[in-house]
Every structure is written in C-alpha cells, then in structure tokens.
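Chains as they are written, first to last, in the working numbering: chain B, 1 to 115; chain W, 1001 to 1111. Heads up, the beta-carbon is just placed ideally off N, CA and C, and yes, glycines get one too.
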C-alpha cells in the first residue's frame, strides 16, 4: 500500500498573500491531481500532472499555480489568497491507465482559512 | 459535456435499515461510473466502480450499485447500515476526458 501526505493540514493566511500547499505520494503513481472541495459543491479540479514537469489546467486553475518537479511530489500555490476561496484542498494520485478508468487515491486535505 | 447530480444533500437512517443514495448523470456516451466515500477528516476512498457488463457491481463493506442506462442513474445501496457508515458519499463519472464529481450526500446513521 501507499500513502498521500499533504502539508500543512491547516493553513491560515492573509488576504492577498501567496500560499503554498504540498503533496507527497509513495505509490509511484504517474498522475497527480489537485482538487478544491467546497461544502455542498463536490470536488473541482484545479490542476493535474501526468508526469514529472507536466502541468494541465483543470476547471478552476485561475488564481493558482502548480509545480511537479519530482514524480512523488506536487505543489499548489494560491497566488493571492481571497476570502471566497476558503475550502479544503485535496491532492490525489492515480496510475495513468485506460483513460477514464483510473482509481484516484486521496490525501486527507489541507484546510485553507483566509483572514 | 458530462454532469452528475446527487439530489439528496443529507440522508439520515437508523442503524440496521436499508439505504439507497441516488446519483443521476448526464453524458453523451456511457461513462465510467464511481462511488467514493469520505470519512470525517479523511480523503476520499473508492467504494466501487462500473465500466461495463453486469449492471450491479459489488463494492467494499457490503455496498453495491446499479447502473441504469435508461434512467441515466447509478444508485448506491446497502442492505443494512452500520453507524460506522456515517460519511459523505460522492458519485463521479468519467466519459473519457475528466472525472466529474457530484455534490455529495452526507449520510448520518442513528444508533
């Protein structure tokens, strides 16, 4: 088995601040994802990466940057934190398999609070 | 375009009762279908998935789901719930481009 570790678990920042969330996986999976979870709205894809140094925008990429410098890690930066983006950010990984069939494995999340 | 609707935001049942959580999808092709569960303060975990074949698929912990092409549905069922099943359940679909999640159903099981 493997694990996805997200740090920090809780992140508090000031409005306008640049904030970075980190994710590490030891599954040796190719693909990694960042999702934003807002209460009652399901999960929305921010960025994903199918291999080291690859980045693909999701539906919610505006206001965020991502970085995949190693296969095992994927970082997300909130470029200018806003109060309306307080949410839980979930990192996930999967094997790059037959398109659409991948099982995602999730971390336990980073809860972002903006003051 | 694809979309997923979970019409019940919250469901409360008594321990030992049967359960059905509803999921309706919209897609131009038959998608791959998933149910994930999120226990408190944890990430999501896969319960079960459907690609093709028998429309009833079995998952972990006694859960099953039934695919209906005519109704565009993928409802989750359990014959007898336990208090430990209290969690948020997400239906998700993938028609080949990306995974789209429903808004989730929060299940509370009363002892």
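Reference residue i, options the options, closest by Cα
i, options, result
"residue 1036/W", "33/B, 42/B, 78/B, 31/B", "42/B"
"residue 1089/W", "1079/W, 1103/W, 1082/W", "1103/W"
"residue 1058/W", "1044/W, 1040/W, 1033/W", "1033/W"
"residue 51/B", "110/B, 63/B, 31/B", "31/B"
"residue 20/B", "3/B, 64/B, 100/B, 59/B", "64/B"
"residue 1070/W", "1030/W, 1079/W, 1105/W, 1040/W", "1030/W"
"residue 77/B", "40/B, 4/B, 35/B, 3/B", "35/B"
"residue 1094/W", "101/B, 94/B, 9/B", "101/B"
"residue 48/B", "90/B, 2/B, 9/B, 11/B", "90/B"
"residue 1041/W", "1003/W, 1087/W, 1051/W", "1087/W"
"residue 1006/W", "1050/W, 1055/W, 1065/W, 1025/W", "1025/W"
"residue 1085/W", "1015/W, 1073/W, 1010/W", "1015/W"
"residue 973/W", "1064/W, 1001/W, 1060/W", "The structure shown does not extend to residue 973/W, since chain W is modelled only from 1001 to 1111, so the question has no answer here."
"residue 1061/W", "1077/W, 1008/W, 1001/W", "1077/W"
"residue 1108/W", "1068/W, 1091/W, 1011/W", "1011/W"
Backbone CA spacing between residue i and residue j [nearest angstrom]
i, j, result
"residue 38/B", "residue 92/B", "16 Å"
"residue 67/B", "residue 18/B", "14 Å"
"residue 80/B", "residue 109/B", "20 Å"
"residue 1023/W", "residue 1106/W", "13 Å"
"residue 16/B", "residue 1052/W", "47 Å"
"residue 1038/W", "residue 1096/W", "24 Å"
"residue 1013/W", "residue 1111/W", "9 Å"
"residue 69/B", "residue 53/B", "6 Å"
Element boundaries [beta strand (DSSP E), containing residue i]
i, result
"residue 1067/W", "1064-1068"
"residue 112/B", "110-114"
"residue 67/B", "64-70"
"residue 36/B", "31-37"
"residue 1075/W", "1073-1078"
"residue 95/B", "No beta strand (DSSP E) contains residue 95/B, which DSSP labels as neither H nor E."
"residue 963/W", "As displayed, chain W neither begins before 1001 nor continues past 1111, which places residue 963/W out of reach and without an answer."
"residue 1110/W", "1105-1110"
"residue 23/B", "19-25"
"residue 1035/W", "1032-1038"
"residue 1048/W", "1044-1050"
Cβ-based burial, residue i [other Cβ within 10 Å; buried from 16]
i, result
"residue 1082/W", "exposed"
"residue 94/B", "buried"
"residue 2/B", "exposed"
"residue 1100/W", "buried"
"residue 14/B", "exposed"
"residue 1056/W", "exposed"
Where residue i meets chain C, residues with beta-carbon distance less than 7 Å
i, result
"residue 1046/W", "Although the question refers to chain C, the structure presented lacks it and instead comprises the protein chains B and W."
Touching by the beta-carbon criterion (3+ pairs, under 8 Å), the segment 81-93 of chain B and the segment 106-114 of chain B: yes
Three or more C-beta pairs below 8 Å linking the segment 1014-1030 of chain W and the segment 1038-1046 of chain W: no
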